[in-house]
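Numbering (the working numbering), first residue to last: 39 to 524.
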């Protein structure tokens with residue numbers, strides 16, 4: 039279909055459809071490169087445990103799993119000997135029988151050295167310098183996925199791209215539903231691409247929406263408003279203690295009475311032992327116990343079963359987002375959603391390229407002005423409210439509008455004066471044609487060859503048939519190809 043001009047007056051839904059088409063196209067072109075980086079890194083993050091075991095096999099995996107694990111105090115002594123500088127802050131017991139015990143020696147608020155100890159022999163397997171207690175590879179992938187290695191600017195870009203993905207999904211679904219109602223199934227090169235683009239996009243839409251929501255609630259900007267929703271445990275109360283702890287590490291674990299993989303925060307200053315279960319596969323176990331370092335008394339026990347339903351659901355969503363909740367099946371489903379989205383993006387770019395990248399958007403500017411007053415006011419009000427509620431999206435939307443207007447003005451100024459005047463005349467003609475088309479009447483319904491005239495012109499006579507309507511093709515400089523690229 040030719041490039042659709044924004045008509046002077048038209049109905050609510052036709053104007054909304056054109057606005058969705060223009061937004062879906064332009065936002066997809068600008069946001070898709072960021073989404074490609076986010077989803078490729080997301081696939082790698084989903085399978086990070088398997089990749090880490092290959093890259094850091096010596097540090098993370100033990101060769102012999104027979105025998106009984108040595109006491110944690112003995113393993114801690116071996117880690118202290120290998121890392122004499124600094125004090126240990128956290129201990130992570132193995133996730134699997136062939137895993138090592140990780141002792142985190144904190145350097146500052148984020149940077150740490152991790153010493154890995156064989157739990158069966160108490161021998162040090164290796165040492166890694168990392169950030170936030172993660173391996174270097176995992177932290178590099180997380181930074182790429184969450185901030186593009188650009189710090190605060192990258193986190194804003196990632197959050198904005200994720201929110202734009204919701205706009206792309208909603209607009210694409212609305213256009214797909216409208217197309218199914220008004221068009222017959224077509225065949226051919228770009229129509230086939232569009233079919234795959236739509237079908238796969240619809241298939242992954244719900245899963246993608248869940249990924250976006252569970253990712254945004256952890257973001258540093260929009261997610262800051264929901265930080266309390268993900269707080270599984272209350273703050274740890276301080277204790278009055280002087281000198282080194284009288285209770286050993288093994289005694290504190292026994293007093294806590296928790297099982298499975300554990301994360302143990304060692305006492306320092308006025309902080310007690312904090313022991314938390316770390317089973318992130320279903321059924322999830324994240325109970326926490328607080329043990330006094332001097333007396334060994336159990337100060338508090340926080341059970342996951344006592345969490346509010348909203349917090350429990352949100353934490354499950356975050357685990358599913360990372361691919362940990364259902365193990366390998368969760369990883370495969372998350373990766374399939376992201377790979378399917380990458381295919382949708384590639385097909386969208388392919389349609390744009392085959393249509394002609396220099397021809398611009400399939401719908402000209404001015405669609406919002408063509409709306410009736412009430413839908414236009416509602417659209418502007420909803421957009422303003424969303425921008426206020428989601429600042430990252432609001433800033434990106436403002437930049438999007440500025441860039442779009444600047445590009446259109448530059449193209450208009452680059453045209454010769456005669457061609458610009460001719461384009462304006464033909465744009466008004468196309469506007470009247472599109473207005474009659476969207477109102478359900480043929481562009482030539484009064485003539486003898488129109489629908490109302492009772493006479494059907496022959497194929498190839500300069501008239502294209504679409505769903506019973508006869509529409510004359512637009513002029514050559516506005517033509518965008520045989521089919522609507524959306």
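From the three backbone atoms N, C-alpha and C, an ideal C-beta is built for every residue, glycine too.
I need the DSSP call for residue i, collapsed to helix, strand or coil.
| i | result |
| --- | --- |
| residue 313 | strand |
| residue 319 | coil |
| residue 55 | helix |
| residue 223 | Confidence at residue 223 is low in this model, with a pLDDT of 49, below 50, so its placement is unreliable and no value can be given for it. |
| residue 123 | coil |
| residue 451 | helix |
| residue 591 | Past the boundaries of the shown model lies residue 591; the chain is included only from 39 to 524, so the question cannot be answered. |
| residue 193 | helix |
| residue 416 | helix |
| residue 169 | strand |
| residue 337 | strand |
| residue 274 | coil |
| residue 306 | strand |
| residue 285 | coil |
| residue 79 | helix |
| residue 243 | helix |
| residue 187 | coil |
So, for residue i: in the same chain, excluding its five sequence neighbours on each side, which residues have a beta-carbon less than 7 Å away from its beta-carbon?
| i | result |
| --- | --- |
| residue 91 | 98, 99 |
| residue 209 | 58, 61, 62 |
| residue 216 | 55 |
| residue 176 | 86, 90 |
Taking the DSSP output, what are the residues bridged to residue i?
| i | result |
| --- | --- |
| residue 154 | 140, 164 |
| residue 130 | 140, 301 |
| residue 86 | Residue 86 pairs with nothing; no bridge assigned. |
| residue 93 | Partner(s): none; residue 93 has no beta bridge. |
| residue 326 | 314, 340 |
| residue 149 | 169 |
| residue 99 | 137 |
So, for residue i: in the same chain, excluding its five sequence neighbours on each side, which residues have a beta-carbon less than 6 Å away from its beta-carbon?
| i | result |
| --- | --- |
| residue 286 | 111 |
| residue 276 | 308 |
| residue 264 | 255 |
Could you work out which residue in the options is closest to residue i when comparing CA atoms only?
| i | options | result |
| --- | --- | --- |
| residue 271 | 293, 241, 57, 344 | 344 |
| residue 438 | 260, 67, 307, 252 | 67 |
| residue 211 | 433, 434, 180, 241 | 241 |
| residue 194 | 63, 348, 431 | 431 |
| residue 141 | 390, 300, 351 | 300 |
| residue 335 | 290, 180, 114 | 290 |
| residue 348 | 180, 267, 157, 188 | 267 |
| residue 253 | 372, 114, 410 | 372 |
| residue 109 | 134, 288, 323, 95 | 288 |
| residue 329 | 320, 314, 318, 321 | 314 |
| residue 278 | 174, 305, 107, 104 | 305 |
| residue 230 | 113, 388, 324 | 388 |
| residue 379 | 433, 415, 245, 392 | 245 |
| residue 260 | 189, 198, 365, 441 | 198 |
| residue 136 | 145, 64, 96 | 96 |
| residue 146 | 205, 419, 310, 170 | 170 |
Below 8 Å CB to CB, which residues in the same chain sit around residue i once its five sequence neighbours on both sides are set aside?
| i | result |
| --- | --- |
| residue 251 | 355 |
| residue 350 | 342 |
| residue 132 | 138, 139, 157, 299 |
| residue 435 | 421, 425 |
| residue 381 | 234, 238 |
- With contact counted as at least three CB pairs below 8 Å, one residue from each stretch, are the region 72–89 and the region 359–372 in contact? yes
- Task: Would you check if the region 334–341 and the region 290–304 touch, i.e. whether three or more CB-CB distances between them fall below 8 Å?
- Result: yes
- Message: Assess contact between the region 179–199 and the region 70–77, defined as three or more Cβ pairs (one per stretch) separated by less than 8 Å. Is contact present?
- Response: yes
- Task: Would you check if the region 144–155 and the region 104–124 touch, i.e. whether three or more CB-CB distances between them fall below 8 Å?
- Result: yes
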